[in-house]
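Asker: The structure under discussion is supplied below as structure tokens; questions concerning it will follow.
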Amino acid sequence: MAQADGKPTGPLSVIHGPPLDEEQGLGALTMSGWLAEVCAAGGEDEALVFHENGKRVSWSYAELWAKANAVARALLACGTGKGTRVGVLMTNRPEFLAATFGAALAGAVATTLNTFSTQAELAHLLKASGVSVLLMERKVLKKDFAAMLGAIEPGIARAGEGPLRASGLPFLRHVAAVGADTGEGLIEDWDAFLERGAGIDPALVEAAAASVTPADTGVLFFSSGSTAMPKGILSSHRAVALQLWRWPRFYATGKDTRTWSANGFFFSGNFGMAIGGALSAGGTLVLQSTFQAPEALELMARETATMALAWPHQWAQLAAAPNFADVDLSAMKYVSAANPFGQHPSITSDWDEPMSAYGNTETFTISAIYPSGTPLEERAGSSGLPQPGMTFKIVDPLGGETVPLGERGEIAVKGPTLMMGYLGIPLDETLDDEGFFRTGDGGRVDEVGRLFWEGRLNDIIKTGGANVSPLEIDAVIRQCPGVRVSQTVGVPHDTLGELVVTAVVAQEGAQLSEEAVRSFARETLASYKVPRRVLFFCEDELKTTGSAKIKTADLRVLAAKRLEGEPA
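For the sequence shown, the tail end lands on 575 under our numbering, and the numbers increase by one without skipping.
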């Protein structure tokens, strides 16, 4: 309802989580404090296991604590101070945790860098972040990061002693690398880097860690870059620590958790899910450096993994791997039968994956969720309830006014895990007058206090006067037999405004036609939502981010070119 002046008179679309000080299961709210508490509790229990070059590497919680402290001493020897940015360019390996939490212990800001980056993207990340120390993995598959660094800043490749002083990367002073053939030019090998800290009194690390407060900057993560160059996002220690403590509650996991993960910890989601979900519960991380489905299955079986974390396309690849039927995955407990992997003949599990959730890198993962085990009727297809301390409102995308309860608009959020800001952008240009971050996501809230996410606003397709959600279309088409990947976009059209076009990658050996996919969609979707065109692609034709999100802007261009000269 609205008054004559257009202002709503009924309830507004605002929902609040419970007070933060009532939340159970929290410990220290700095990253170093979190590490200290979980390592003290874990002691000699296994914190992580990693296989490389035929060798099994296992660290206890006590060893993880010692390794992180060794990195912290080396960083202090390099001259890092409170707030110094330390780049971590690594896949999921033990040194990633030592480097990231070692930076926290030293009072520095761990700056995670995407190993999927091209040379141009890496140059952007290094220049934007202004890291002073870079801790990296020398080679990842066919990528040689030492060579890429040398091309970005030739001074790195020169022989001689550091520190580096070069105008191309004016803040970078030290580079150290883990892996084979690491010592080159000004790049130290890992052991030489750690040796720097041999003369540093451990008490200095204790003092540095004690100087850090929950309000201080803890990490710098970058967005996945699905629509533009990645944006740097600063998060406080409190934001990171809160989420690390929360994941065992979300997952309903215990000390028996042995979590396999190959998705990069440089994504905030996997950082929270895997590291928090396993270590806050007293469990074990089963690390895989890069995702290879057959090797992943062997690793899970060998290490009796009880949980697996994967993206949707990876579940399909695991189920399609040639050794899928042969491996023993009977230890799996925290896996959903709703995905193909969970239907393995040796797996018996009724665990419920908490899919009713919403979050962003800007809130350092989850800001609304229903945890594992919540009845479907309670979830009602929603994205969950606000987490403690979080507040959501739904605003008009153009004017910014809060809309009446139940109406659709743009999701805006604030609370204790909200970012400290974007790199290079004043905070008053990011938040509204009430301190809310406008996410760019469409959604609504209901009278029960549930949040409903309905996709990115800039992805909404306007066709023939109607608004169409690609999210809704793809949720249907991905159920079509033979479809492996589906991504719907709007392509400019002279009379309709935008044409609804779905790009499909078929499963291997599947015989799919455009009309078959459209007929399947027509059984569920209203006529105006059924794609006017279905285009088939090979998977390598679709450009993706490192987190496997298809770059929709590139896909629109590709689809438009494919359709040129064809009748709509």
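Even glycine gets a Cβ: it sits at the ideal position worked out from N, Cα and C.
Only a predicted model underlies this, so the values are computations on that prediction, with no experimental measurement involved.
1) Do Gly450 and Phe459 have their C-beta atoms within less than 8 angstroms of each other?
2) Could you tell me which residues DSSP pairs with Glu144 in its beta bridges?
3) Indicate the three-state DSSP secondary structure (helix, strand or coil) for Gly449 in the structure shown.
4) Report yes or no: is there a C-beta of chain C within less than 8 angstroms of the C-beta of Arg529?
5) In this structure, how does DSSP classify Arg203 when only helix, strand and coil are distinguished?
6) Which class does Asp501 belong to by DSSP, given the choice of helix, strand or coil?
7) What does the Cβ neighbour count give for Tyr64, buried or exposed, with the cut at 16 atoms within 10 Å?
8) Check this for me: beta carbons of Lys146 and Gly88, under 8 angstroms apart or not?
9) Spatial neighbours of Tyr429 within its chain, please: CB distance less than 8 angstroms, with the 5 preceding and 5 following residues excluded, ordered by chain position.
10) Indicate the three-state DSSP secondary structure (helix, strand or coil) for Trp72 in the structure shown.
11) Roughly how many angstroms separate the alpha carbons of Ala183 and Phe200, rounded to a whole number?
12) Going by DSSP, what residues sit across from Gln494 in a beta bridge?
13) Could you check which residue in Thr409, Leu306, Val496 and Gln126 has the C-alpha nearest to that of Lys62?
14) Between the Cα of Gly497 and those of Val490, Asn474, Glu515 and Val512, spot the shortest distance and give me the residue it belongs to.
15) Which of the three DSSP states is assigned to Tyr377 in this structure?
16) Which stretch, first to last residue, makes up the beta strand (DSSP E) that contains Gly51?
17) In terms of residues, what are the limits of the beta strand (DSSP E) holding Gly366?
18) Given a cut-off of 8 angstroms, decide if Ser374 and Val410 are closer than it, judged by their beta-carbon atoms.
19) State buried or exposed for Gln321, treating a residue as buried only when at least 16 other CB atoms are found within 10 Å of its CB.
20) Tell me which same chain residues have a C-beta within less than 6 angstroms of the C-beta of Asn270, skipping the five on either side of it?
21) Compute the distance between the beta-carbons of Leu120 and Leu132, then report whether it is under 8 angstroms.
22) So, under 8 angstroms CB-CB, Met97 and Leu129 are touching, yes? Tell me the CB distance rounded to an integer number of Å.
23) Do Ser343 and Asp333 have their CB atoms nearer than 8 angstroms?
24) Looking at the secondary structure, which residues open and close the beta strand (DSSP E) in which Phe229 lies?
25) Would DSSP call His351 helix, strand or coil?
26) Assuming Ile480 and Ala510 form a contact by the criterion Cβ under 8 angstroms, report the distance between their Cβ atoms to the nearest whole angstrom.
27) Excluding five sequence neighbours on each side, which residues of the same chain lie with their C-beta closer than 8 angstroms to the C-beta of Glu546?
28) Scan the segment 266-310 and note each continuous alpha helix (DSSP H) run of 4 residues or more that stays entirely inside, going in chain order.
29) With DSSP as the reference, label Leu542 as helix, strand or coil.
30) Using 8 angstroms as the threshold, is the C-beta distance between Val293 and Trp318 below it?
31) Would you list the residues sitting across from Pro393 in a DSSP beta bridge?
Answerer: On the basis of the coordinates in this document:
1) In the sequence shown, residue 450 corresponds to position 443, counting from 1. In the sequence shown, residue 459 corresponds to position 452, counting from 1. In this structure, Gly450 sits near Phe459, with a CB-CB distance shorter than 8 angstroms.
2) Along the sequence shown, one-based indexing puts residue 144 at 137. The partner list for Glu144 (beta bridge, DSSP) reads Val185.
3) Locating residue 449 in the sequence shown gives position 442, where the first residue counts as 1. Note: Gly449 maps to strand in three-state DSSP.
4) The structure shown contains no chain C; it is built from a single protein chain.
5) The residue labelled residue 203 in the question sits at position 196 within the sequence shown. Under the three-state reduction of DSSP output, Arg203 falls in the helix class.
6) By 1-based counting over the sequence shown, the position of residue 501 is 494. Coil at Asp501, not helix or strand.
7) Position 57 of the sequence shown, counting from 1, holds the residue named residue 64. Per the sequence shown, residue 64 should be read as Val rather than Tyr. Its Cβ having fewer than 16 others within 10 Å, Val64 is exposed.
8) Looking up residue 146 in the sequence shown gives position 139. Looking up residue 88 in the sequence shown gives position 81. Taking 8 angstroms as the Cβ cut-off, Lys146 and Gly88 do not qualify as a contacting pair.
9) Along the sequence shown, one-based indexing puts residue 429 at 422. Excluding positions up to five away in sequence, the list reads Lys238, Gly239, Ile240, Leu241 and Thr437.
10) Within the sequence shown, residue 72 is the residue found at index 65, counting from 1. If DSSP states are grouped into helix, strand and coil, Trp72 belongs with the helices.
11) Residue 183 sits at position 176 when you count from the first residue of the sequence shown. Residue 200 sits at position 193 when you count from the first residue of the sequence shown. Taking the straight line joining both Cα atoms gives about 6 angstroms.
12) Walking along the sequence shown from the start, residue 494 turns up at place 487. Beta-bridge annotation (DSSP): Gln494 is paired with Ala510.
13) Within the sequence shown, the letter at position 55 stands for residue 62. Comparing Cα-Cα distances from Lys62 to each of Thr409, Leu306, Val496 and Gln126, the minimum goes to Leu306.
14) Taking the sequence shown and counting its residues from 1, one reaches residue 497 at position 490. It is Asn474 whose Cα lies nearest to the Cα of Gly497.
15) Locating residue 377 in the sequence shown gives position 370, where the first residue counts as 1. If DSSP states are grouped into helix, strand and coil, Tyr377 belongs with coil.
16) Start at 1 with the first residue of the sequence shown, and residue 51 comes out as number 44. Strictly speaking, residue 51 in this sequence is Glu, with Gly absent from that position. For Glu51, there is no enclosing beta strand (DSSP E), as DSSP marks it with neither H nor E.
17) Position 359 of the sequence shown holds residue 366. It spans Ala364 to Asn367 - the beta strand (DSSP E) in which Gly366 sits, taken as one unbroken run.
18) Here residue 410 refers to the residue found at position 403 of the sequence shown. Here residue 374 refers to the residue found at position 367 of the sequence shown. With respect to the 8 angstroms criterion, Val410 and Ser374 are not classified as neighbours on the basis of their beta carbons.
19) By one-based count along the sequence shown, residue 321 stands at place 314. Answer is buried; the Cβ neighbour count reaches 16.
20) Walking along the sequence shown from the start, residue 270 turns up at place 263. Setting aside the 5 residues that flank it on each side, Asn270 is surrounded in the same chain by Asn277, each with a C-beta closer than 6 angstroms to its C-beta; the list follows chain order.
21) As a first step, residue 120 is located in the sequence shown; it is residue number 113 there, counting from the start. As a first step, residue 132 is located in the sequence shown; it is residue number 125 there, counting from the start. Taking 8 angstroms as the Cβ cut-off, Leu120 and Leu132 qualify as a contacting pair.
22) Stepping through the sequence shown from its first residue, residue 97 is reached at position 90. Stepping through the sequence shown from its first residue, residue 129 is reached at position 122. The pair is not a contact, with the Cβ atoms about 13 angstroms apart (cut-off 8 angstroms).
23) Taking the sequence shown and counting its residues from 1, one reaches residue 343 at position 336. Taking the sequence shown and counting its residues from 1, one reaches residue 333 at position 326. No; because the gap between Cβ atoms is not below 8 angstroms, this pair is not in contact.
24) The residue you call residue 229 lines up with position 222 of the sequence shown. Thr224 to Phe229 is the extent of the beta strand (DSSP E) around Phe229.
25) Walking along the sequence shown from the start, residue 351 turns up at place 344. DSSP places His351 in the coil class of the three-state scheme, outside both helix and strand.
26) In the sequence shown, the residue the question calls residue 480 occupies position 473. In the sequence shown, the residue the question calls residue 510 occupies position 503. Taking 8 angstroms as the upper bound for CB-CB distance, Ile480 and Ala510 are not in contact here, some 11 angstroms apart.
27) Position 539 of the sequence shown, counted from the start, is the residue given in the question as residue 546. The residues are Arg491, Val492 and Val512.
28) Annotation note: the segment 266-310 contains the following uninterrupted alpha helix (DSSP H) runs of length 4 or greater, listed N- to C-terminal: 300-309.
29) Residue 542 sits at position 535 when you count from the first residue of the sequence shown. Reduced to three states, the DSSP call for Leu542 is strand.
30) Within the sequence shown, residue 293 is the residue found at index 286, counting from 1. Within the sequence shown, residue 318 is the residue found at index 311, counting from 1. Result no, Cβ atoms of Val293 and Trp318 do not sit closer than 8 angstroms.
31) One-based indexing of the sequence shown puts residue 393 at position 386. BP columns for Pro393 point to Ala375.
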